[in-house]
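Our numbering puts the last residue of the sequence shown at 433; the count rises by one with no breaks. Worksheet: one structure, shown below.
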Amino acid sequence: MKKFTLFLIALLSFNFLHAQFQIISLDKVEEIKNSKLVVGLTGDKAIDDAIIAAVNEFWEISEIGEPMPVDEALQLAKNDNSITVIKTGEKIVMSPTHTKYSYQSSTKSIGTKDYTSNSFDKYSSYQTVTISKTLELSNGKTKPSFTQYIPTFGEEENVTQEIIAFGISAMNYQLKLMSDNHLPVTKIKGQYKKYSPELKSAKLLIPEGWVDKKTTSETIKEYYNANAEIVTYDVWRKAILNREYGDAYVMICPYPMGNGYVYQHYLMDAKTGNVYAVLQNPGASVKIGFGKSANLSKGNSGYVNKKNLEDYNNVLEGKW
Numbered sequence: 114m115k116k117f118t119l120f121l122i123a124l125l126s127f128n129f130l131h132a133q134f135q136i137i138s139l140d141k142v143e144e145i146k147n148s149k150l151v152v153g154l155t156g157d158k159a160i161d162d163a164i165i166a167a168v169n170e171f172w173e174i175s176e177i178g179e180p181m182p183v184d185e186a187l188q189l190a191k192n193d194n195s196i197t198v199i200k201t202g203e204k205i206v207m208s209p210t211h212t213k214y215s216y217q218s219s220t221k222s223i224g225t226k227d228y229t230s231n232s233f234d235k236y237s238s239y240q241t242v243t244i245s246k247t248l249e250l251s252n253g254k255t256k257p258s259f260t261q262y263i264p265t266f267g268e269e270e271n272v273t274q275e276i277i278a279f280g281i282s283a284m285n286y287q288l289k290l291m292s293d294n295h296l297p298v299t300k301i302k303g304q305y306k307k308y309s310p311e312l313k314s315a316k317l318l319i320p321e322g323w324v325d326k327k328t329t330s331e332t333i334k335e336y337y338n339a340n341a342e343i344v345t346y347d348v349w350r351k352a353i354l355n356r357e358y359g360d361a362y363v364m365i366c367p368y369p370m371g372n373g374y375v376y377q378h379y380l381m382d383a384k385t386g387n388v389y390a391v392l393q394n395p396g397a398s399v400k401i402g403f404g405k406s407a408n409l410s411k412g413n414s415g416y417v418n419k420k421n422l423e424d425y426n427n428v429l430e431g432k433w
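This is the structure in structure tokens:
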């Protein structure tokens, strides 16, 4: 059994080298940069409004066009190489280690911004990350040219405003990093690391619902040598949506890997949408039958634990 487990870890570790960042060719990046981004409307006003708001706030790599129904947008892109469509994708992978279901957010407005139309936030239990979904870029001709995985909340698999803001920020950052430095995805990690030490000057916000039960404020001080704080969902959410200067935040995404999944821990700058690091451990949760999974790494966690804090601390020195 031990040899089999070691084999699985070795196999998954090899695959991780190719999955830490979203796979896209440099040619496709340039096509997106030179195109006009059109939001493909789903008909769900809450989701559509959130994507439009996030694109207007965080999308920088290309020009933004007028939103239109997703089928029309994809047909237009199929006939016009100057159009790229951003749309929501399907659910991808379960993350059964998230089992809590106790917190409900009733926030309807954030700071000076009006989000009252987005009623899907009302009953989102953010402690239960049940499914990974995607935001996708498409030219209407082939499979999506770029896919960003995002967590969903609660039994209803809600996609909330701050999750969409994160997803579009992460997409934009990777695409700009590749385009600005003319580097393929296999060589961009060094560019991420170049800016990682800037995390030292930010306050890292860790949402309380995503903290391992053995992790406390004292644990954070012991394992993380910069400013970090366990905060409420609303504080974390407001920092993302209001682009609070001086704040950074943790976002945890289930990512499909073979017959299981890994958790990717993104460390993000709230103001700029820049990505300090994309962390994932060399071990995954794999399905072993009877509806159960076996986790092959303590660091592959949907809740922030000591091992994750050690990884976060390494980011401060650009070592990840």
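Heads up, the beta-carbon is just placed ideally off N, CA and C, and yes, glycines get one too. Here the structure is a predicted model, which means the values were calculated and not measured.
In the DSSP assignment, find the unbroken alpha helix (DSSP H) run with residue i in it and report its ends.
| i | result |
| --- | --- |
| isoleucine 353 | 346-354 |
| phenylalanine 171 | 158-171 |
| serine 138 | Premise fails: serine 138 is in no alpha helix (DSSP H) and is neither H nor E. |
| aspartate 184 | 183-192 |
Given a threshold of 16 other Cβ atoms within 10 Å of its Cβ, counted over all protein chains shown, does residue i qualify as buried or as exposed?
| i | result |
| --- | --- |
| lysine 432 | exposed |
| glutamate 249 | buried |
| tyrosine 337 | buried |
| histidine 378 | buried |
| aspartate 382 | buried |
| glycine 156 | exposed |
| aspartate 293 | exposed |
| lysine 351 | buried |
| serine 138 | exposed |
| aspartate 184 | exposed |
| proline 367 | buried |
| proline 182 | exposed |
| glutamate 423 | exposed |
Quick one: what does DSSP say residue i is sitting in, helix, strand or coil?
| i | result |
| --- | --- |
| aspartate 360 | strand |
| asparagine 387 | coil |
| serine 414 | coil |
| aspartate 227 | Low per-residue confidence applies at aspartate 227: pLDDT is 40, beneath 50, and the placement is therefore not dependable, though the value from the model is reported in the following sentence. Of the three classes helix, strand and coil, the one that applies to aspartate 227 here is coil, per DSSP. |
| aspartate 382 | strand |
| threonine 155 | coil |
| lysine 316 | strand |
| isoleucine 365 | strand |
| glycine 431 | coil |
| alanine 278 | helix |
| lysine 235 | Only weak support is given to the placement of lysine 235: the predicted model assigns it a pLDDT of 43, under 50, and the question is left unresolved by the model. |
| alanine 283 | helix |
| valine 272 | coil |
| alanine 339 | coil |
| leucine 290 | helix |
| asparagine 426 | helix |
Give me the DSSP bridge partner(s) of residue i.
| i | result |
| --- | --- |
| glutamate 176 | Lys149 |
| threonine 89 | Outside the modelled stretch of the chain, which goes from 114 to 433, sits residue 89, for which no answer is possible. |
| threonine 247 | Tyr262 |
| tyrosine 376 | Pro367 |
| isoleucine 301 | Answer by DSSP bridge pairing: none, since isoleucine 301 is not bridged. |
| leucine 392 | His378 |
At a threshold of 8 Å, does residue i count as lining the ligand MN (C-beta to nearest heavy atom)?
| i | result |
| --- | --- |
| glycine 386 | Summarising the ligand content, the structure contains no ligands, and the ligand MN is consequently not present. |
*Spell out a yes or no on whether the stretch 146-154 and the stretch 186-201 are touching, meaning 3 or more CB-CB pairs, one atom from each, closer than 8 Å.*
yes
Requested in this report: Decide yes or no for the touch test of the stretch 316-335 against the stretch 289-303: beta carbon pairs closer than 8 Å, at least 3 of them.
Outcome: no
Validate contact between the stretch 313-325 and the stretch 273-281 using beta carbons, cut 8 Å, 3 pairs: No, they do not touch.
With a threshold of 8 Å, are at least 3 pairs of Cβ atoms found where one atom belongs to the stretch 136-146 and the other to the stretch 250-259?
yes
Tell me whether the stretch 285-299 and the stretch 385-396 touch, counting them as touching only if at least three CB pairs, one residue from each stretch, are closer than 8 Å. With the cut-off at 8 Å, the stretch 285-299 and the stretch 385-396 touch.
Discussion item. Check whether the stretch 305-318 and the stretch 349-363 are in contact - that is, three or more C-beta pairs closer than 8 Å.
Written reply: yes
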